[in-house]
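Peer 1:
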Amino acid sequence: MRYNCYYVGNMIKKFLILSLLFICGTTNAAPFQTNAKSAYLVDYDSGVEIVSKNADTLMPPSSMLKLMTLAVLFDEIKSGKLNMDDLLTVSENADYKNPLWYPASKMCLVTGQKITVRDAILGIIVLSAGDASVTVAEHISGSESKFTEKMQNKAHKIGMVQSSFGNASGLPHENNLMTSRELAMLARHIITEYPDIYPMFATKRFEFEDTKTDWCNDWSRTHTMNYNKLLFSMDGADGLKTGHTDNGGYGIVASAKIGGRRLIGVINGFRGKGHDALAEEMKKLLNHGFKTTQTKVFYRPGDVVINIPVWYGRYPSVEATVNESVAITLPKDYSLKNVRVLARYDEPISAPIKQGQQIGEVVIEKNGDIVKRVPLVAKNKVRRIMFFGRIIKHISVLLGEK
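In numbering that gives the first Met the number 0, the protein residues as written are 0 to 401.
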């Protein structure tokens with residue numbers, strides 16, 4: 000490692016070269032071809048896009064929209080407002096006899112029925128149950144229309160500035176519009192923010208047993224398998240959601256983790272023969288990413304990047320970490336020279352320091368150009384020493400002591 004520094008006022012601006020990477024080779028990777036209207040593939044750790052076809056075009060998301068319904072529900076669980084065993088009451092709006100649900104995917108619920116939050120989640124994930132989505136929306140917000148406001152606010156917080164929502168089920172509505180890029184952004188948010196719940200997306204089969212009519216008994220026996228057929232055909236696939244409408248075609252948001260590396264893919268407007276064909280197209284997309292690119296992860300959230308000296312602190316230094324991965328994605332055989340990872344910060348930092356406070360940044364450079372910045376934050380808090388302690392510190396500095 001090497002240190003470079005220059006003075007800024009009474010502080011020292013430091014650049015610590017954390018890593019130097021040399022990779023040589025050539026690339027002849029062909030671009031990914033698909034007849035889907037839109038396709039997008041991104042590396043989970045680096046955030047680097049690998050495939051982008053009409054990724055910013057607004058399209059009807061069909062049942063992929065239910066990922067936002069689930070994200071709002073997951074927030075309620077994460078905050079403690081709901082738990083998995085809480086009961087939700089089904090209204091007439093979610094009753095399977097409502098003509099709205101006749102052609103749609105559903106759990107086959109009836110008015111007045113009570114279902115657990117856990118069953119609602121599995122119903123939405125596995126069975127793509129629109130009736131469960133409405134039941135969730137009405138429980139949280141009182142009405143589906145008010146719930147869509149929560150969906151919109153949630154989207155903006157994540158950074159999904161283009162998406163809009165007209166209902167919680169994904170049934171055709173003029174306001175149901177999302178881009179493939181923002182669907183991938185939502186998938187990444189779900190994987191990151193709800194690690195205890197995300198494994199439910201890998202559920203291959205769910206049989207809802209609390210049916211109330213003979214017709215629903217028959218329905219439940221024949222509708223048990225996840226529409227996401229990628230779970231059955233690709234090792235490492237563990238989520239997320241499919242969708243289909245006659246006008247919009249087939250769509251899927253998927254993720255797979257192989258050898259410690261995770262990719263997120265989105266396909267929308269696919270004109271294939273059913274969900275099996277859709278899964279094969281997504282498998283091709285994900286395999287394309289795994290075979291033609293590689294990702295180097297330098298630091299993950301929580302890793303100690305460096306200890307930075309503290310001025311007037313009860314501790315002499317503070318551990319600096321990152322809240323997101325410091326990573327770079329590159330073609331498998333791409334010629335890459337002089338890739339550097341640097342920590343940049345002012346030294347010493349004056350106490351008090353709050354946990355999570357930004358105290359610098361980690362930068363990835365390629366040939367002198369910055370390709371990624373990640374905030375460097377304090378892993379723990381450091382309180383300021385008392386007044387007499389500061390006087391003693393001043394005297395020690397004047398005497399040449401550290």
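The C-beta atom is built at its ideal place from N, Cα and C for all residues, glycine as well.
Under 8 Å, do Y43 and R220 count as touching if we go by C-beta distance?
Peer 2: The Cβ atoms of Y43 and R220 do not sit closer than 8 Å to each other.
Peer 1: Report the three-state DSSP secondary structure of V373 (helix, strand or coil).
Peer 2: strand
Peer 1: Using CA coordinates, which residue listed in T212, A236, M281, E173 is at the minimum distance from A201?
Peer 2: A236
Peer 1: Could you name the residues of the same chain whose beta carbon sits closer than 6 Å to that of S62, not counting the 5 residues immediately before and after it, in chain order?
Peer 2: S127, G169, G242
Peer 1: D332 bridges to which residues according to DSSP?
Peer 2: The partner list for D332 (beta bridge, DSSP) is empty, contrary to what the question assumes.
Peer 1: How about M106 and D84: are their beta carbons less than 8 Å apart?
Peer 2: no
Peer 1: For W310, write down the residues that DSSP places opposite it in a beta bridge.
Peer 2: S349
Peer 1: Output needed for R204: all residues of its chain with C-beta closer than 6 Å, excluding positions within five of it in sequence on either side, in chain order.
Peer 2: T223, M224
Peer 1: Measure the CB-CB distance between M199 and L121 and report whether it falls below 8 Å.
Peer 2: Yes, these two residues count as a Cβ contact at 8 Å.
Peer 1: Based on DSSP bridge pairs, tell me the residues matched to A186.
Peer 2: Beta-bridge pairing links A186 to no other residue.
Peer 1: To the nearest angstrom, how far is the alpha carbon of I327 from that of S316?
Peer 2: About 29 Å.
Peer 1: Is it buried or exposed, Q112, if we count other Cβ atoms within 10 angstroms and call 16 or more buried?
Peer 2: buried
Peer 1: Judging by CA-CA distance, which residue of I114, V381, I266 is the nearest neighbour of F31?
Peer 2: The option with the nearest alpha carbon to F31 is I266.
Peer 1: If you reduce the DSSP assignment to three classes, tell me which class L170 lands in.
Peer 2: coil
Peer 1: Per DSSP, what kind of secondary structure is G24 in: helix, strand or coil?
Peer 2: Unreliable placement is indicated for G24, whose pLDDT of 35 sits below 50; no coordinate value is reported for it.
Peer 1: Under 8 Å by Cβ, that's how I've got I123 and L69 pegged, so tell me the actual separation to the nearest angstrom.
Peer 2: That pair is a contact at about 6 Å.
Peer 1: Nearest-angstrom Cα distance between P98 and Q151?
Peer 2: 27 Å
Peer 1: Is it the case that the Cβ atoms of P308 and S324 are separated by a distance below 8 Å?
Peer 2: Using a Cβ distance threshold of 8 Å, P308 and S324 do not count as a contacting pair.
Peer 1: Within this structure, are the beta carbons of V373 and E364 separated by less than 8 Å?
Peer 2: no
Peer 1: Output the distance between the C-alpha atoms of I384 and I352, rounded to the nearest integer angstrom.
Peer 2: 12 Å
Peer 1: Could you check if G367 is buried or exposed, using at least 16 other CB atoms within 10 Å of its CB as the buried criterion?
Peer 2: exposed
Peer 1: Please identify the residue among D332, L87, I263 whose C-alpha is closest to the C-alpha of V116.
Peer 2: Taking V116 as reference, the option from D332, L87, I263 with the minimal CA-CA separation is L87.
Peer 1: Please work out which residues of its chain come closer than 6 Å, Cβ to Cβ, to V7, disregarding the five sequence neighbours upstream and downstream, and give them in chain order.
Peer 2: In this prediction, V7 has a pLDDT of 28, which is less than 50 and means its spatial position is unreliable; what the coordinates show is noted afterwards. The answer is none, since no qualifying residue turns up.
Peer 1: Which class does Y197 belong to by DSSP, given the choice of helix, strand or coil?
Peer 2: helix
Peer 1: Need the endpoints of the beta strand (DSSP E) that A35 sits in, please.
Peer 2: Counting along the chain, A35 falls outside any beta strand (DSSP E), and DSSP gives it neither H nor E.
Peer 1: My guess is that M233 and K282 are in contact by the Cβ rule of under 8 Å, so how many angstroms apart are they, rounded?
Peer 2: 5 Å
Peer 1: Measuring straight from C-alpha to C-alpha, what distance separates K153 and L277?
Peer 2: 28 Å
Peer 1: Is it true that the stretch 177-186 meets the stretch 240-255, where meeting means three or more beta-carbon pairs spaced less than 8 Å apart?
Peer 2: yes
Peer 1: So is P102 buried or exposed if we call it buried at 16+ other beta carbons inside 10 Å?
Peer 2: Exposed is the label assigned to P102, since fewer than 16 other Cβ atoms lie within 10 Å of its Cβ.
Peer 1: Helix, strand or coil: how does DSSP classify T147 here?
Peer 2: Helix.
Peer 1: For A350 and G312, I'd like the C-alpha separation in whole angstroms.
Peer 2: 5 Å
Peer 1: If you reduce the DSSP assignment to three classes, tell me which class D130 lands in.
Peer 2: helix
Peer 1: Closer than 6 Å by C-beta to T25: which residues in its own chain qualify, once you throw out the five before and the five after it? Chain order, please.
Peer 2: Low confidence applies here, because T25 scores a pLDDT of 31, under 50, leaving its location unreliable; read the following figure in that light. Contacts found: D332.
Peer 1: Can the beta-carbon of L66 be found less than 8 Å from the beta-carbon of L239?
Peer 2: yes
Peer 1: If I measure Cβ to Cβ from E48 and keep anything under 6 Å in the same chain, skipping five residues before and after, which residues do I get?
Peer 2: V41
Peer 1: Report buried or exposed for V303, applying the criterion of at least 16 other Cβ atoms within 10 angstroms of its Cβ.
Peer 2: exposed
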